[in-house]
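Protein sequence lines correspond, in order, to chains A and B.
To convert, take the position in the first sequence, counting from 1, and add 17; that gives my numbering.
To convert, take the position in the second sequence, counting from 1, and add 105; that gives my numbering.
The C-beta atom is built at its ideal place from N, Cα and C for all residues, glycine as well.
Note sheet for the following structure.
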Amino acid sequence: MTTAEARGAAAGVAVAARGVSKAYHRGGETIWALRRLDLDVPEGAFLAVTGPSGCGKTTLLSVLGTLERPTFGDVFIDGQRVTGLSEDRLAEVRRKKIGFVFQTFYLIDYLTALENVAVALRFQGLSKRAQRERAQELLELVGLGDRIHHLPRELSGGQQQRVAIARALAAEPKVILADEPTGNLDQSSTAQILKVFEKIHAAGQTLVVVTHDARVADAAEHRLRLLDGAVVDSTLE
Amino acid sequence: MLWDLGLLHVRRQRQRHMLAVMSAAVAMIMLLVSTVLSQGTVAWVAGAERAFLGGDILVLPQVLAVPGMHPRADAQWRWTSWSWDEPGPLAFFMPWIFTQGAVVQPGGSAQPESAAQPGGAPLKALEAEIARQANVRAIYPYYAMPALWTVNGRTVRVWLHARVPELDAASGWNRYLSAGRPLSAAADFTALVDGYRHRLESDAAKAYGYDRYNGRWLVAPDGDPTIVDWPVPPLGSDIRLQVPRAGTAGFDFTRLEDVTLTVRGLYQLEDGIYDWTTHGVTNQGYTPGIYRDLKCSPCMWTKEPAVWSTTNIEVSLATLRAVAAKVGAHLEPQALLVQVKDPASLHRTVDALRDALPATVLSVPEMAQEHALDFIPSVATPHDDLSLLHRVGMDPPPLDAPPPAWMRSTLLGLGLAMTALLFFANVFVLLYTRQKEFATFRVLGARRSQLLSLVAAEVFAVSFAGAVLGGLVMLPMTSYQVGTAHGWTAVFTQLAYVMELGFVVSLASATAGVLFGVIVVRRSPWGVLKSD
Chain A
18 MTTAEARGAA AGVAVAARGV SKAYHRGGET IWALRRLDLD VPEGAFLAVT GPSGCGKTTL
78 LSVLGTLERP TFGDVFIDGQ RVTGLSEDRL AEVRRKKIGF VFQTFYLIDY LTALENVAVA
138 LRFQGLSKRA QRERAQELLE LVGLGDRIHH LPRELSGGQQ QRVAIARALA AEPKVILADE
198 PTGNLDQSST AQILKVFEKI HAAGQTLVVV THDARVADAA EHRLRLLDGA VVDSTLE
Chain B
106 MLWDLGLLHV RRQRQRHMLA VMSAAVAMIM LLVSTVLSQG TVAWVAGAER AFLGGDILVL
166 PQVLAVPGMH PRADAQWRWT SWSWDEPGPL AFFMPWIFTQ GAVVQPGGSA QPESAAQPGG
226 APLKALEAEI ARQANVRAIY PYYAMPALWT VNGRTVRVWL HARVPELDAA SGWNRYLSAG
286 RPLSAAADFT ALVDGYRHRL ESDAAKAYGY DRYNGRWLVA PDGDPTIVDW PVPPLGSDIR
346 LQVPRAGTAG FDFTRLEDVT LTVRGLYQLE DGIYDWTTHG VTNQGYTPGI YRDLKCSPCM
406 WTKEPAVWST TNIEVSLATL RAVAAKVGAH LEPQALLVQV KDPASLHRTV DALRDALPAT
466 VLSVPEMAQE HALDFIPSVA TPHDDLSLLH RVGMDPPPLD APPPAWMRST LLGLGLAMTA
526 LLFFANVFVL LYTRQKEFAT FRVLGARRSQ LLSLVAAEVF AVSFAGAVLG GLVMLPMTSY
586 QVGTAHGWTA VFTQLAYVME LGFVVSLASA TAGVLFGVIV VRRSPWGVLK SD
């Protein structure tokens with residue numbers, strides 16, 4: 018085991034980045050979205066990543082979420098180094114360890130709220146019945162127990178986002194990665210989402226939220242500020 | 106696997122999929138139009154259908170035919186349609202459109218070739234097996250030999266039928282061969298030409314303006330006059346038969362040999378109440394005065410209550426044997442006609458035979474039920490049972506207008522290309538409008554193969570629904586029927602054809618969906634989701 022792996026695998030760390038750099042090539046130019054970034058998100062932490070547009074927040078999220086591979090460096094999820102894994106192994110890591118929440122929700126438009134959550138559970142190999150029961154529990158948890166048979170278009174933005182959070186929670190992931198979860202929402206919806214975040218944070222769920230929204234950042238337990246792909250300020254150890 | 110989500114999507118978003126279904130239906134219509142127009146309805150699937158059916162049997166109320174001999178490789182048989190030759194199974198192709206086509210498969214049981222030599226063990230074993238059944242009265246061998254008949258420079262199809270004299274009186278089989286009239290002892294063989302009857306009815310003919318259609322009237326048993334363009338040979342004329350040339354061991358129809366026969370008798374009808382004449386040829390027999398002034402060339406007419414004859418040509422047994430000897434054919438039975446003692450228990454006998462024989466057994470009522478062909482009930486009585494066999498093939502082949510080969514292949518090529526284009530466009534639309542959804546599933550941890558199963562199920566469902574819809578619209582064009590007189594066997598339904606073709610094209614679409622899908626689901630889900 019290399020030093021890096023030993024450190025990444027340290028107990029109590031949900032997500033870790035070691036010397037992560039990410040380069041994009043645009044029109045012959047190389048843009049470094051992340052520069053040798055180190056990060057340890059302890060289990061149970063609620064971390065808000067902030068920074069101006071183009072500072073690499075979203076890139077950080079995608080790299081941590083295994084949706085993009087870092088150009089250099091390593092990412093560890095629950096102590097496991099995921100940087101070198103195959104696409105299908107990465108899908109497995111996402112299925113078991115990571116829950117995603119997006120600014121535009123990305124619910125499946127022809128599935129009801131219940132089915133949207135259940136569909137994430139079927140990748141876990143649960144029985145149909147267990148899927149439905151668990152999905153219902155999760156929707157009740159996010160306060161949508163009375164909306165389970167509604168299609169996404171019949172729900173408000175805030176409600177859709179809460180379905181998305183329930184879906185992200187379905188697999189009991191090690192960490193939830195949220196990309197501007199309140200970016201498309203009004204104030205009251207934002208407040209509802211924050212309430213849900215606080216609730217699951219209180220239950221011990223690790224959360225990494227990329228946000229512009231000061232209220233979200235304020236609600237978080239930790240804050241990390243990025244500028245030009247590097248950490249300029251962090252309340253994490 | 107996620108295939109059920111594909112189906113759910115189709116169900117939940119019906120309107121969105123309706124367009125795709127319609128497009129698939131149009132594609133199927135184009136496929137059918139181009140293949141039928143260029144290849145004929147039946148020919149190109151007949152082989153597969155035959156293999157699928159695995160041996161055939163036709164059961165009429167009192168008579169059933171059991172395949173006794175397996176014809177050899179299908180490609181050994183050559184058929185002429187629209188005056189081009191094509192190899193095909195031992196089947197009677199009528200591949201023109203808007204008429205009743207038929208595939209006839211004389212004795213095509215799925216026996217191994219070696220065991221199916223003419224007169225070999227299988228036939229005897231079958232005979233013994235059938236004789237063991239309680240309700241069987243008699244078993245008669247049935248002979249048929251296909252030939253092409255060229256007369257007046259045109260080619261028509263002819264089946265040379267070996268007749269079994271004992272069968273005549275009892276079964277109704279004779280009605281098919283000779284339209285009810287006992288055949289003379291001298292005529293043990295009959296060449297039956299597609300079951301056409303020719304007559305001119307005075308009033309009806311005038312009403313229909315017969316004189317504008319000299320010699321081209323065909324009147325069916327139900328009295329419908331039809332104009333035909335049919336070469337009717339005058340008595341005494343020579344006809345050229347092309348019969349399959351046999352090899353040393355059994356039939357070997359790799360070549361056709363010309364044999365010239367002289368027409369000895371034509372249009373058998375009851376003595377004294379019919380006559381016929383030809384333009385420019387000496388009249389034969391008695392010509393009723395009322396018809397004397399009609400000009401028709403050549404034609405025949407009859408007076409009620411004539412029993413309508415088929416346009417049989419009687420060829421003497423000696424002549425036919427000479428033909429067989431010349432081409433080396435062993436005239437061995439190709440089927441067994443089984444006569445039952447008690448028609449009421451026909452179905453039990455059929456069932457028993459079905460269990461005992463390696464062949465498909467169908468009774469006429471069953472066929473009627475299965476295929477919903479309205480003419481079948483009309484043959485379900487012991488006396489009229491075989492009128493079915495006269496009616497099929499009433500429309501003559503359009504011998505005058507064979508489309509040239511380049512036109513056929515161009516049509517087929519264009520049709521297939523446009524069909525493929527439509528189906529693939531469908532697949533493309535279904536896939537490319539859904540990239541976000543697939544990316545979402547990927548983010549949730551779906552494997553690529555799971556997404557492909559969703560795509561395959563959805564594309565298949567939409568294509569199949571569309572293909573069957575299009576196929577149903579085109580049913581009149583794909584009309585096949587059950588059996589003709591000439592070869593005694595039954596066949597397959599239009600619906601089965603549509604379903605099968607629909608299945609095949611849907612499978613092809615789904616495969617295309619998976620192939621395109623591989624490209625789509627390979628795209629980085631993050632890249633897709635970020636492209637908002």
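- Under a criterion of Cβ atoms nearer than 9 Å, no residue of chain B is adjacent to residue 152 of chain A; the nearest Cβ is some 13 Å distant.
- Among the residues facing chain B, residue 137 of chain A is included, as its CB has a counterpart in that chain under 8 Å away.
- For residue 82 of chain A and residue 115 of chain A, the gap between their C-alpha atoms comes out near 7 Å.
- According to DSSP, residue pairing for residue 35 of chain A in a beta bridge involves A:91.
- About 5 Å separates the Cβ atoms of residue 619 of chain B and residue 557 of chain B, confirming a contact at the 8 Å cut-off.
- Contact of residue 519 of chain B with chain A by beta-carbon distance below 8 Å is absent, the smallest such distance being about 37 Å.
- Here DSSP, grouped into helix, strand and coil, assigns residue 460 of chain B to helix.
- Counting only residues of its own chain and dropping the five nearest sequence neighbours on each side, residue 242 of chain A has a CB closer than 6 Å to the CB of 67, 68, 249 and 250.
- A Cβ-Cβ distance of about 23 Å is found for the pair residue 146 of chain A and residue 160 of chain A, leaving them out of contact under the 8 Å criterion.
- Shortest Cα-Cα distance from residue 603 of chain B to any of B:569, B:240 and B:527 involves B:569.
- DSSP places residue 65 of chain A inside the beta strand (DSSP E), whose first and last residues are 63 to 67.
- The alpha-carbon of residue 237 of chain A is positioned some 20 Å away from that of residue 34 of chain A.
- Residue 220 of chain A carries a coil assignment under DSSP once its states are collapsed to helix, strand and coil.
- Per the C-alpha coordinates, the member of B:140, B:124 and B:457 positioned closest to residue 237 of chain B is B:457.
- Non-local beta-carbon contacts of residue 110 of chain B in its own chain, meaning distances under 7 Å to residues more than five positions away in sequence, involve 559 in chain order.
- Listed by position along chain A, the residues whose Cβ is nearer than 7 Å to that of residue 631 of chain B are 79, 84 and 85.
- Exclusion of the five residues before and after residue 523 of chain B leaves 135 as the residues of its chain whose Cβ lies within less than 6 Å of its Cβ.
- The bridge partners DSSP lists for residue 47 of chain A are A:42.
- The C-beta of residue 111 of chain A comes closer than 8 Å to at least one C-beta of chain B.
- Straight-line spacing of the CA atoms in residue 245 of chain A and residue 229 of chain A works out to 15 Å.
- Note on geometry: alpha-carbon atoms of residue 548 of chain B and residue 628 of chain B lie some 12 Å from one another.
- Your pair residue 118 of chain A and residue 193 of chain A checks out as a contact, with CB atoms roughly 6 Å apart and the cut at 8 Å.
- The beta carbon of residue 122 of chain A sits closer than 6 Å to the beta carbons of 177, 178 and 181 from its chain, once the five residues preceding and following it are set aside; these are given in chain order.
- For chain A, the residues of the stretch 541 to 568 of chain B that bring a beta carbon within less than 9 Å of one of its beta carbons are 541, 542, 544, 545, 546, 547, 548, 549, 550, 551, 552, 553, 554 and 555, in chain order.
- Pairing residue 232 of chain A with residue 252 of chain A gives a Cβ-Cβ distance that is not under 8 Å.
- The beta carbon of residue 140 of chain A sits closer than 8 Å to some beta carbon of chain B.
- Residue 87 of chain A and residue 94 of chain A have their alpha carbons spaced roughly 14 Å apart.
- Measuring C-alpha to C-alpha distances from residue 564 of chain B to each of B:574, B:539, B:550 and B:535 identifies B:535 as the nearest.
- Within the same chain, 134 and 137 come within 6 Å of residue 579 of chain B by CB-CB distance, once the 5 residues on both sides are set aside.
- Cβ proximity to chain A below 8 Å picks out 113, 114, 117 and 118 from the stretch 112 to 135 of chain B.
- Contact between residue 567 of chain B and residue 130 of chain B does not hold, since their C-beta atoms are separated by about 10 Å, which reaches or exceeds 8 Å.
- Taking a beta-carbon distance threshold of 8 Å, residue 125 of chain A counts as an interface residue toward chain B.
- Assignment of residue 630 of chain B by DSSP, reduced to helix, strand and coil, places it in the helix class.
- Neighbours of residue 117 of chain A across chain B, judged by C-beta separation under 8 Å: 548 and 549.
- The continuous stretches of beta strand (DSSP E) do not include residue 164 of chain A, and DSSP gives it neither H nor E.
- By DSSP's assignment, residue 134 of chain A forms no beta bridge with any residue.
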